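Its first residue numbered 38, the sequence shown is counted upward by one per residue in the working numbering. Backbone N, C-alpha and C fix where the C-beta goes; we use that ideal spot for every residue, glycine too. Keep in mind that this is a model prediction, so the values were computed, not measured. Report on the following structure.
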Amino acid sequence: MRKKAASVCMALGLLCLLASAALLGYNRWEDYRAGRTAAEVVSAMESMTNNDADVSMDMELADTGMGSTDGVDSEEGEMTTVEIDGIAYIGTLTIPALNLELPIQSQWSYAGLKTAPGRYSGSAWTDDLVICGHNYTRHFGNLKYLEQGDEVKFTDVNGTVFSYLVEEVLILQPTDVDEMLSHEFGEWDFTLFTCTVGGQTRVTVRCSRTE
């Protein structure tokens, strides 16, 4: 009986190890896939900007119905979007310190975050843009390593560049929605955030415009 019990325990232990290895492998694959997909979208956006006729992805400028030459309603802060494979994007995010260049979706969704970070609220034109992303290492997983003074840039689909400097990196609770959005807590021009593993807290990066 003891030998049988020992064999069962060993088998269960082996299964647990295999399950852990499979989960680790899946997470790494998801991370790789997310990074590759984001890079493909950035490349497609750059190709469109450069009027490259060989763009292979299905893309078109969204009909915003706006008459301003810069593609934005100055009163509302609406941003022009470009559609790629059925997903609307507002521009690209560049963080040199993390060697990141990512497309930013017009609206975030749980499913969409597997492809790229998305706008949580606000607009670059009204200095209240908040962007959320998955904690993939190729997306926002390394935000916690940013330091005060690091440069962050957001480039909209019209080519307008908004430059920022990191002011602080802090941890917020998932329930701190008002603190994430309200200007009363520092009047931040630009905010990035991602959930930590398990979704217990949010790594939040506050930035100020340099112009």
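Query raised in the report: What number of angstroms, rounded off, separates the C-alpha of residue 232 from the C-alpha of residue 85?
Result: 32 Å
Query - Bridge-paired residues (DSSP) for residue 181 - result: None, per the DSSP bridge assignment.
Query raised in the report: For the 8 Å Cβ check, are there 3 or more pairs between the stretch 117 to 124 and the stretch 181 to 192?
Result: no
**Report entry** Spatial neighbours of residue 178 in its chain, beta-carbon cut-off 6 Å, leaving aside the 5 residues before and after
**Finding:** 172
Query raised in the report: What's the call for residue 133, buried or exposed, on a 16-neighbour Cβ count within 10 Å?
Result: exposed
**Report entry** Check whether residue 161 and residue 140 have beta carbons under 8 Å apart
**Finding:** no
Query raised in the report: Is the Cβ-Cβ distance between residue 29 and residue 226 less than 8 Å?
Result: Past the edges of the chain, shown from 38 to 248, lies residue 29, and the structure says nothing about it.
Query raised in the report: Among the residues of its own chain, which have a CB less than 6 Å from the CB of residue 206, if the five just before and after it don't count?
Result: Residues of the same chain with a CB within less than 6 Å of the CB of residue 206, apart from the 5 flanking positions on each side, are 183 and 242 in chain order.
Query raised in the report: Ends of the beta strand (DSSP E) at residue 117?
Result: Premise fails: residue 117 is in no beta strand (DSSP E) and is neither H nor E.
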